[in-house]
Every structure is written in C-alpha cells, then in structure tokens.
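Peer 1: One structure, pasted below without further comment.
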Amino acid sequence: MLDVFKTSKKKKENKEIVLDQNNIPKHIAIIMDGNGRWAKKRKLPRTMGHKAGVETIRRVIKESHILGIKYLTLYAFSTENWKRPDEEVSALMKLLVEYLRSELAELNKNGVVIKISGDITKLPKEAQSEVLEAIEVTKNNTGIVLNIAFNYGGRDEIIRAVKLLCEEVKSDNIKIENIDEKVFENYLYTKNIPDPDLIIRPSGEQRISNFLLWQCAYSEFWYSNVCWPDFKEEHLQKAIYDYQHRDRRYGGV
Ligand code: FPP
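As structure tokens, then:
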C-alpha cells in the first residue's frame, strides 16, 4: 500500500487516503473543465482561467509521476473549441507554445514522453513546430507518457481511422475480413496507448464531450465540482481511491 501523504507536507491533513499501489490506474485521462467559470468568479478574463489551468497541469503531471501512473491524457483543445472567440483560441494556442517552451527541458529531464492526439496540421506554424520538437526530443524517454489531446475530437479520430483503413484496403495492404478491434486501434491517435482506466472531469459537468469515444468503452468515470484551476493533488488521489473501490467487470460477472 502506498501512503500518498508521505509525498508532501501539505497532504498530512488528510491521512485517511491510502492507495493500493498494486491497483494504480495505468492510464488516467482528464477533461480539464471549468477554467472559464473559475475566471468569471474572480472577475478575470477567461484566458486567465486557462493560464491558471496550466499551473494545475504542472501539479497533476508531478503527482501522476509520484503515484506511478504510466499514461496521462489531458484534453486541452477540442475540434469544437474553434467555435470560441478568436481571442480565446489564440490564447490557448499561445499557452501551448509557452508551456512546451518553458517545460520541455524539465519534462525531458524527468523522462516524460510527450505525445499528441489530434490534428496538429491545423494549428499555427509556431505551435506545430513546438509540438513536433517536443515529440522528437522526448520520444526515447521511458517515463510517464503525457498525451496532450489538442485539436482532438473522438468522432473526428474515428472517421480519420476509417479513411486510413479504406486506403489500406484499396492498396491491398489489409483485407476487409481481417479488420478487427485490434487492427482498428492502430489507426487511432492513441495507437500504442492503452485505453484509459479512469476518466476525470472536474467542474460539475458530467459529459464525455467527444473525448476518447472509442477508448472509453470500459473506463471508470470520476466527477468533481471543483474547477480545473482549483484541482489539487488530493483530488487526483481521491479519484484514484474511488477507482480502486469500483468493481470493473468488463461485461462479465
Ligand atoms: C475547458 O474549460 C478548458 C479548455 C477548453 C482549455 C484547457 C486548456 C488548458 C488548461 C491550458 C492549455 C493547454 C496546454 C497543454 C498548455 P472551459 O473554458 O470550457 O471552462 P468553462 O466551462 O467554465 O467555461
């Protein structure tokens, strides 16, 4: 058993959460929601909420590493988020660039592997090159996989996979009768990443919002009313604690 509260002083208040180290979810995926409401409550522009959300990203990656999570997927920009005001879209692109610029060396030092799920060809050139560099620099690392879902949509991902598979069939590389779930998964952005065991959504919303639609088939869901900028290490621990007390049957008995 892992006493997570040995990891930092702050956590001493909450001694009762003890995690089973043999049942840490391998892959946690998070819908980082509530930045706008967090900012509104403080009479700040929405973009300040996103900025505060980046601080939470730092905390959550560190804690995930400490807890032994192998894959962490963060939903940072959806295929639907282009509908937001131009100013907010630009601010999110800028935050991605700034985050990778300021964090890449440290992430790399800690063995983090950066992956992206989503169509990055639609991002501004500057963001594309930061993303490609981060992927390249960290590709041989062996630590936690940080999968950033950016310009990601579950439906878009499935359609893309279908199109890629059709091309393979057309070129006689694959026979239709040989297409099964395992084959299909090789055409998703998440190729080589196991399905998320646990999906976390803060801010009180209880929707999937086009996130990992194929991959979430047997994920456990965990919700919290706290907005993403206020999401702390203890929320992650509580989510894992609750996960460890679920009965995952995968359709069996
Ligand atoms: C949802 O909250 C949040 C987003 C659409 C953006 C999340 C992005 C970040 C936290 C930072 C940028 C990413 C990286 C990887 C540096 P919302 O704006 O929909 O909140 P609301 O529902 O309260 O309005």
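Residue numbers for the sequence shown follow this note's numbering, beginning at 779 and rising by one. Just so it is clear, CB atoms sit at the ideal spot from N, CA and C, and this is done for glycine as well.
(1) Taking C-alpha atoms, which residue in VAL940, ILE978, PHE999 lies nearest to TYR967?
(2) Would you decide whether GLN993 is buried or exposed? Buried here means 16 or more other CB atoms lie within 10 Å of its CB.
(3) What does DSSP give as the partner residue(s) for ASN859 in the beta ladder?
(4) Between which two residues does the beta strand (DSSP E) containing VAL891 stretch?
(5) If you reduce the DSSP assignment to three classes, tell me which class PHE962 lands in.
(6) Does the beta-carbon of ASP934, which I'm using as the reference point, lie nearer than 8 Å to any heavy atom of ligand 1?
(7) Since ILE977 and LEU845 are thought to touch, with beta carbons under 8 Å apart, how far apart are those beta carbons, to the nearest angstrom?
(8) Does the separation of the CB atoms of VAL947 and GLU908 fall below 9 Å?
(9) By Cβ distance, which residues of its chain are closer than 6 Å to THR834, with the 5 residues on each side in sequence left out?
(10) Just mark ASN813 as buried or exposed, buried being the case when its beta carbon has 16 or more other beta carbons within 10 Å.
(11) Below 8 Å, is the gap between the Cβ of ARG1026 and the nearest heavy atom of ligand 2?
(12) Per DSSP, VAL923 forms a beta bridge with which residues?
(13) So, LEU1014 versus VAL867, is the Cβ gap smaller than 9 Å?
(14) Should TRP860 go down as buried or exposed, given a rule of 16 or more other Cβ atoms within 10 Å for buried?
(15) Quick check on DSSP: helix, strand or coil for GLU998?
(16) Grouping DSSP H, G and I as helix and E and B as strand, with all else coil, what is ARG1027?
(17) Report the residue from ALA830, ILE971, LEU990 whose alpha carbon sits nearest the alpha carbon of ARG933.
Peer 2: Reading off the structure:
(1) In the sequence shown, counting from the first residue as 1, residue 967 sits at position 189. Considering only alpha carbons, the answer is VAL940.
(2) On the sequence shown, residue 993 is found 215 positions in, with the first residue counted as 1. By the 10 Å Cβ count, GLN993 comes out buried.
(3) Locating residue 859 in the sequence shown gives position 81, counting from the first residue. Note: ASN859 sits in no beta bridge, so no partner.
(4) Here residue 891 refers to the residue found at position 113 when the sequence shown is read from its first residue. VAL891 -> beta strand (DSSP E) spans 891-895.
(5) Residue 962 sits at position 184 when you count from the first residue of the sequence shown. Helix at PHE962.
(6) If you number the sequence shown from 1, residue 934 lands on position 156. No, since every heavy atom of ligand 1 falls outside the 8 Å radius drawn around the Cβ of ASP934.
(7) Taking the first residue of the sequence shown as 1, we reach residue 977 at position 199. Taking the first residue of the sequence shown as 1, we reach residue 845 at position 67. About 16 Å; that fails the 8 Å criterion.
(8) In the sequence shown, the residue the question calls residue 947 occupies position 169. In the sequence shown, the residue the question calls residue 908 occupies position 130. No, the Cβ-Cβ distance between VAL947 and GLU908 is not below 9 Å.
(9) Mapped onto the sequence shown, residue 834 falls at position 56. Same-chain partners within the cutoff: TRP1006, PRO1007, PHE1009.
(10) Within the sequence shown, numbered from 1, the residue matching residue 813 stands at position 35. ASN813 comes out buried.
(11) Looking at this structure, you won't find ligand 2 anywhere; what it does contain is ligand 1.
(12) Stepping through the sequence shown from its first residue, residue 923 is reached at position 145. For VAL923, which the question treats as bridged, DSSP gives the partners TYR849, VAL891.
(13) The count along the sequence shown starts at 1 and reaches residue 1014 at position 236. The count along the sequence shown starts at 1 and reaches residue 867 at position 89. No. Outside cutoff.
(14) In the sequence shown, residue 860 corresponds to position 82, counting from 1. It is exposed - the Cβ of TRP860 has fewer than 16 other Cβ atoms within 10 Å.
(15) What you label residue 998 is simply residue 220 of the sequence shown in a count that begins at 1. In this structure, GLU998 counts as strand in the three-state DSSP scheme.
(16) Counting from 1 along the sequence shown, the entry for residue 1027 is found at position 249. Coil at ARG1027, not helix or strand.
(17) As a first step, residue 933 must be located in the sequence shown, where it is residue number 155. Closest option to ARG933, Cα to Cα, is LEU990.
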